[in-house]
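S.K.:
Protein chains: 2
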Amino acid sequence: MDPKNSYHHGDLKNALIKAGVEILAREGVGGLSLRKVAKQAGVSHAAPYAHFADKQALIAAISTEGFKQLHVQIEAARAAYTGDPRSLLVETAWTYLQFALHEPDRFKLMFSSVLEKEKDYPDFVEISQRNFRQLVEVVETCQQGGVLKAGPPDLAAISVWSTVHGFSSLLLEGQIPHTALEKGNIKDLLVFVLQNG
Amino acid sequence: MDPKNSYHHGDLKNALIKAGVEILAREGVGGLSLRKVAKQAGVSHAAPYAHFADKQALIAAISTEGFKQLHVQIEAARAAYTGDPRSLLVETAWTYLQFALHEPDRFKLMFSSVLEKEKDYPDFVEISQRNFRQLVEVVETCQQGGVLKAGPPDLAAISVWSTVHGFSSLLLEGQIPHTALEKGNIKDLLVFVLQNG
DNA sequence: TCCGTAACTTGACAGTGTAAAGTTGATGGG
DNA sequence: CCCATCAACTTTACACTGTCAAGTTACGGA
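Those protein sequence lines, which keep their order, are chains A and B.
For the first sequence, the residue numbers in my numbering are -14 to 182.
For the second sequence, the residue numbers in my numbering are -14 to 182.
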């Protein structure tokens, strides 16, 4: 029963994803190699090929995992701030930004990895779409609460997402000037960025 | 005088950057290797080390080049639309987005490459700051023209930049749902995203 | 003219992704 | 219960990568 003790690892696929996430946190995107992932999972360097077609596929799986977690965290924020659209918008954005700040290299991987994903990684696409739907719902709530102006919810969602994602990305890349960061804490800056436009 | 004919290449540094840009356009970020760059420039695989400390340094140079070109293009838009703040904002953003769409892999490289840049690549930092100052000036013009609400120009610039950069990034990563893209052309969508918030 | 030195080449090495072939061990049919 | 099958894993191999060290070339100044 215990997957750890069985020789045929039992759950190597998930173990590889987990190892990948850890290496990502420890050594960054540049340090993520298939062979290191395999070693950390305690298998030979070619073992991953039993579960992933290639490195891209593993990266897609790690990204997909990340999107799932992000979905859960945003869902929690949603539950906590239902009935308060103003806070809902801010806290959803803040959850997104915190995810980026907490696991910067995974965040980078999630948004700069796979090409031709549409074709090859249906899980990835499905989760992406689910997360976008979640955002659209948040935006609709905000529109009904008068926090966001009326209009096509999907376009409004793209607008909000662009702003929050752009801010997160620029922050991670160190492109936001320190002069701006010194003026207050990051969350305040996020709120400012969010309500401007 | 002709650098091409001299054995000591004469301008290898720039030739390497140019080769890098071409490979980037042809094969993407994943296809960019020091050895390919060297071969395309017609030198041996270790020749780049006479001009760049390592691959990161070459990437930094390619990015810096890109920021310079972006600066020039935005300056052109600025000159063309002075006195029309509404168009100035839109056309500046559109120039940025066009740059991303036209050279997607260089754009990705520019915003997801070097870490610890502050320390190591003063040129990169300087150009980044210059481009940010340029954006702040555009924003100030727009504020004076009543197109953007009053407030600290640097924070307003971060706000606008976040939105445009986020939209560009999400578009390149294929994260913008096709349903939204089918509703109109990309520039219209950009304008919508820009004036929402 | 010659010589120092920067620009380049050659050769080497460890690490990478990935394919092919061999090995192991869980599993279900007789 | 035994054995054949087959997926999960290992081993071996190869081309390619970044980078270093040692050698070679030829430009510019003394």
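By construction, the Cβ of each residue, glycine as well, lies at the ideal position given by its N, Cα and C atoms.
Just checking: is the beta-carbon of F117/B within a distance shorter than 8 Å of some beta-carbon in chain A?
M.R.: By one-based count along the second sequence, residue 117/B stands at place 132. By this cut-off, F117/B is an interface position.
S.K.: Could you give the distance in angstroms between the alpha-carbon of I171/B and the alpha-carbon of S153/B?
M.R.: Residue mapping note: residue 171/B aligns to position 186 of the second sequence, counting from 1. Residue mapping note: residue 153/B aligns to position 168 of the second sequence, counting from 1. Cα-Cα distance, rounded: 10 Å.
S.K.: What's the C-alpha gap between Y(-8)/A and M95/A?
M.R.: The count along the first sequence starts at 1 and reaches residue -8/A at position 7. The count along the first sequence starts at 1 and reaches residue 95/A at position 110. A caution first: Y(-8)/A carries a pLDDT of 47, below 50, which makes its placement in the model unreliable, though a value can still be read off. C-alpha separation (whole angstroms): 32 Å.
S.K.: Residues of chain A with CB closer than 9 Å to the CB of D139/B, please, in chain order.
M.R.: Translated into the one-based positions of the second sequence, residue 139/B becomes position 154. Chain A residues near D139/B: P162, T164, A165, K168.
S.K.: So, is the C-beta of I143/A closer than 8 Å to a C-beta in chain B?
M.R.: On the first sequence, position 158 is the one that residue 143/A refers to. Closer than 8 Å to some Cβ of chain B, the Cβ of I143/A qualifies, so yes.
S.K.: Can you give the Cα-Cα distance for K(-2)/A and A65/A, rounded to whole angstroms?
M.R.: Here residue -2/A is taken as the residue at index 13 of the first sequence, counted from 1. Here residue 65/A is taken as the residue at index 80 of the first sequence, counted from 1. Their Cα atoms are separated by approximately 34 Å.
S.K.: Let me see if you follow: with CB-CB separation under 8 Å, is L155/B close to chain A or not?
M.R.: Here residue 155/B refers to the residue found at position 170 of the second sequence. At least one chain A Cβ lies under 8 Å of L155/B.
S.K.: Could you list which residues in chain B have their beta carbon closer than 8 Å to that of E158/A, in chain order?
M.R.: As a first step, residue 158/A must be located in the first sequence, where it is residue number 173. In chain order: F96, S97.
S.K.: Consult DSSP for H150/A and reduce its assignment to one of helix, strand or coil.
M.R.: On the first sequence, position 165 is the one that residue 150/A refers to. In the structure shown, H150/A sits in a helix (DSSP, three-state: H, G or I).
S.K.: I'd like to know whether the C-beta of H150/B is nearer than 8 Å to at least one C-beta of chain A.
M.R.: One-based indexing of the second sequence puts residue 150/B at position 165. True, the Cβ-Cβ gap to chain A drops below 8 Å.
S.K.: I'd like to know if W79/A contacts chain B, where contact means its C-beta is closer than 8 Å to some C-beta of that chain.
M.R.: Position 94 of the first sequence, counted from the first residue, corresponds to residue 79/A. It does not: the Cβ of W79/A has no partner Cβ on chain B nearer than 8 Å.
S.K.: Excluding the 5 residues flanking L166/A on each side, which residues of the same chain have their C-beta closer than 8 Å to its C-beta?
M.R.: In the first sequence, residue 166/A corresponds to position 181, counting from 1. Here the set comprises L174.
S.K.: Using a Cβ-Cβ cutoff of 7 Å, what residues of the stretch 37 to 54 of chain A are near chain B? List them in chain order.
M.R.: Listed by position along the chain: nothing, the set is empty.
S.K.: Quick one: which chain B residues come within Cβ less than 7 Å of S147/A?
M.R.: For the purposes of this step, residue 147/A is taken as the residue at position 162 of the first sequence. Correct list: T148, G151, F152, L155, V178.
S.K.: Quick one: is S113/A near chain B, going by C-beta distance under 8 Å?
M.R.: For the purposes of this step, residue 113/A is identified with residue 128 of the first sequence, where counting begins at 1. With 8 Å as the cut-off, S113/A counts as an interface residue toward chain B.
S.K.: Provide the residue span of the alpha helix (DSSP H) that contains Q129/A, from first to last.
M.R.: Residue 129/A sits at position 144 when you count from the first residue of the first sequence. It spans 107 to 129 - the alpha helix (DSSP H) in which Q129/A sits, taken as one unbroken run.
S.K.: Leaving aside the five residues before and after M(-14)/B along the sequence, list all residues of the same chain whose C-beta is less than 8 Å from its C-beta, in chain order.
M.R.: As a first step, residue -14/B must be located in the second sequence, where it is residue number 1. The pLDDT assigned to M(-14)/B is 33, lower than 50, so where the model puts this residue is not dependable, and the model offers no usable value.
S.K.: Within this structure, are the beta carbons of T148/A and L179/A separated by less than 8 Å?
M.R.: To locate residue 148/A, count along the first sequence from 1; it is residue 163. To locate residue 179/A, count along the first sequence from 1; it is residue 194. Yes, they are a contact pair.
S.K.: With distances taken Cα to Cα, identify the nearest neighbour of I8/A among E88/A, S72/A, L73/A, R71/A.
M.R.: Along the first sequence, read from residue 1 onward, the residue named residue 8/A stands at position 23. When only C-alpha atoms are compared, the closest one is E88/A.
S.K.: What span of residues does the alpha helix (DSSP H) with I2/B cover, start to end?
M.R.: On the second sequence, residue 2/B is found 17 positions in, with the first residue counted as 1. Note, I2/B: alpha helix (DSSP H), -3 to 12.
S.K.: Any idea if A35/B is buried or exposed, counting beta-carbon neighbours within 10 angstroms, 16 or more meaning buried?
M.R.: Counting from one through the second sequence, the residue named residue 35/B turns up at place 50. Exposed, since its Cβ has fewer than 16 Cβ neighbours within 10 Å.
S.K.: Need the endpoints of the alpha helix (DSSP H) that Y81/A sits in, please.
M.R.: Translated into the one-based positions of the first sequence, residue 81/A becomes position 96. Segment 70 to 87, the alpha helix (DSSP H) holding Y81/A.
S.K.: Please indicate yes or no: does the CB of Q180/B lie closer than 7 Å to some heavy atom of the ligand MN?
M.R.: Of the ligands one can find in the structure shown there are none, so the ligand MN has no counterpart to examine.
S.K.: Quick test of your reading: V6/A and R71/A, contact by CB under 8 Å. State the CB separation rounded to the nearest angstrom.
M.R.: Taking the first sequence and counting its residues from 1, the one referred to as residue 6/A is at position 21. Taking the first sequence and counting its residues from 1, the one referred to as residue 71/A is at position 86. Not really, about 34 Å apart at Cβ, beyond 8 Å.
S.K.: Listing by chain order, which chain B residues have their CB less than 8 Å from the CB of K93/A?
M.R.: Counting from one through the first sequence, the residue named residue 93/A turns up at place 108. Within chain B, the residues near K93/A are S97.
S.K.: Identify the contact partners of N(-1)/B in chain A, using a Cβ-Cβ distance below 9 Å as the criterion.
M.R.: Position 14 of the second sequence holds residue -1/B. Correct list: empty, because the minimum Cβ distance to chain A is about 25 Å.
S.K.: State the Cα-Cα distance for the pair L17/A and A61/B, rounded to the nearest angstrom.
M.R.: Locating residue 17/A in the first sequence gives position 32, where the first residue counts as 1. Locating residue 61/B in the second sequence gives position 76, where the first residue counts as 1. Approximately 41 Å, taken between the alpha carbons.
S.K.: Just checking: is the beta-carbon of K104/A within a distance shorter than 8 Å of some beta-carbon in chain B?
M.R.: Position 119 of the first sequence, counting from 1, holds the residue named residue 104/A. No, K104/A lies away from the interface with chain B (no Cβ there is under 8 Å from its Cβ).
S.K.: Does T67/A pass the burial test, meaning 16 or more other C-beta atoms within 10 Å, or should it be called exposed?
M.R.: For this step, residue 67/A is matched to residue 82 along the first sequence. So T67/A ends up on the exposed side.
S.K.: Among residues of its own chain, excluding the 5 on either side of V176/B, which ones have a beta-carbon nearer than 7 Å to its beta-carbon?
M.R.: Translated into positions along the second sequence, residue 176/B becomes position 191. Within the same chain, V176/B has close Cβ partners V75.
S.K.: Hey, would you say L55/A sits closer than 8 Å to R63/A, going by beta carbons?
M.R.: Stepping through the first sequence from its first residue, residue 55/A is reached at position 70. Stepping through the first sequence from its first residue, residue 63/A is reached at position 78. Not closer than 8 Å, so no.
S.K.: Determine the extent of the alpha helix (DSSP H) in which H232/A is found, giving its start and end residues.
M.R.: Residue 232/A lies beyond the range of chain A shown here (-14 to 182); nothing can be said about it.
S.K.: On the DSSP letters alone, give me the boundaries of the alpha helix (DSSP H) that K172/B sits inside.
M.R.: Stepping through the second sequence from its first residue, residue 172/B is reached at position 187. Per DSSP, K172/B belongs to the alpha helix (DSSP H) from 171 to 180.
S.K.: Should K93/A be labelled buried (16 or more other beta-carbon atoms within 10 Å of its own) or exposed?
M.R.: Counting from 1 along the first sequence, the entry for residue 93/A is found at position 108. Counting Cβ neighbours within 10 Å, K93/A comes out buried, since at least 16 surround it.
S.K.: Within this structure, are the beta carbons of Q114/A and F84/A separated by less than 8 Å?
M.R.: Working through the first sequence from its first residue, we reach residue 114/A at position 129. Working through the first sequence from its first residue, we reach residue 84/A at position 99. Going by C-beta atoms, Q114/A is not nearer than 8 Å to F84/A.
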